[in-house]
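**Student:**
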Amino acid sequence: MSERQLIESLKDLPQFVRKLFYEKDISKLNLDINLTQTTILMFLDSNKNKSMSELSKMVGLEKSSFTRSVDYLVEKEFIKRNYSSEDRRKITISFTEKGLKAVRLIKNDWNEHFRSLVSTLSAEEQKEFANAIKTVSKYVQQMLSGSRKGIHKPARALAS
82 MSERQLIESL
92 KDLPQFVRKL
102 FYEKDISKLN
112 LDINLTQTTI
122 LMFLDSNKNK
132 SMSELSKMVG
142 LEKSSFTRSV
152 DYLVEKEFIK
162 RNYSSEDRRK
172 ITISFTEKGL
182 KAVRLIKNDW
192 NEHFRSLVST
202 LSAEEQKEFA
212 NAIKTVSKYV
222 QQMLSGSRKG
232 IHKPARALAS
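Using the working numbering, you'd call the opening residue of the sequence shown number 82 and step up by one each time.
#1: Using the DSSP secondary-structure output, state which residues sit across from Ser132 in a beta bridge.
#2: In the structure shown, what three-state DSSP assignment does Asn115 receive?
#3: Find the nearest neighbour of Lys100 within the set Leu136, Gln222, Gln118, His194, judged by alpha-carbon distance.
#4: Quick test of the definition: if touching needs 3 or more C-beta pairs under 8 Å, does the region 154-166 touch the region 177-185?
#5: Opposite Tyr164 in the DSSP bridges: which residues?
#6: Tell me which residues share the same chain as Glu206 and place their Cβ nearer than 6 Å to its Cβ, disregarding the 5 neighbours each side in the sequence.
#7: Kindly give me the distance between the Cβ atoms of Phe176 and Leu136, rounded to whole angstroms, as I take these residues to be in contact under 8 Å.
#8: How about Asp110 and Leu186: are their beta carbons less than 8 Å apart?
Right, dumping it as structure tokens:
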């Protein structure tokens, strides 16, 4: 595969991720939250004790947009803000009981969604798909870290 083909394939990745995760309709859960707020809850569930700044970067939102979404989630009592006693500028967020219940509902709904998607594959295809995901994850992490075993490779090294 040439570097150009690899780059074209890489460009398709966000579209697939969006279809798998972000085009999932959660309105039937009656939580009165949008996709961005759902994403924040799911990232918070996987990344407890992170600052709001760290979470906003993980979610990929500007601080102002992230803060507006957090404000809404606080207002609706899904999460609460926690202020550091050493540094009032450091703010973390944590779940309320209502937020924990919402995350369980969302996870169950997503699990059912993924189960229905995976069920269209044979056992062998499921195994291949799982291995492909592991491989993609490994290489994406490697690319994002900017190195391979501490050695930076020029972009031309991608061509085969």
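Using N, Cα and C, we set each Cβ at its ideal position, and we do this for glycine too. Keep in mind it's a predicted model, so treat the numbers as computed, not measured.
**Tutor:** This is what the structure gives:
#1: Ser132 is bridged to Thr173.
#2: coil
#3: With distances taken between CA atoms, Lys100 lies nearest to His194 out of Leu136, Gln222, Gln118, His194.
#4: Touching, per the Cβ criterion.
#5: Paired residue(s): Ile172.
#6: none
#7: Wrong, their Cβ atoms sit about 13 Å apart, outside the cutoff.
#8: Correcting the residue type first, residue 110 is Leu in the shown sequence and not Asp. Yes.
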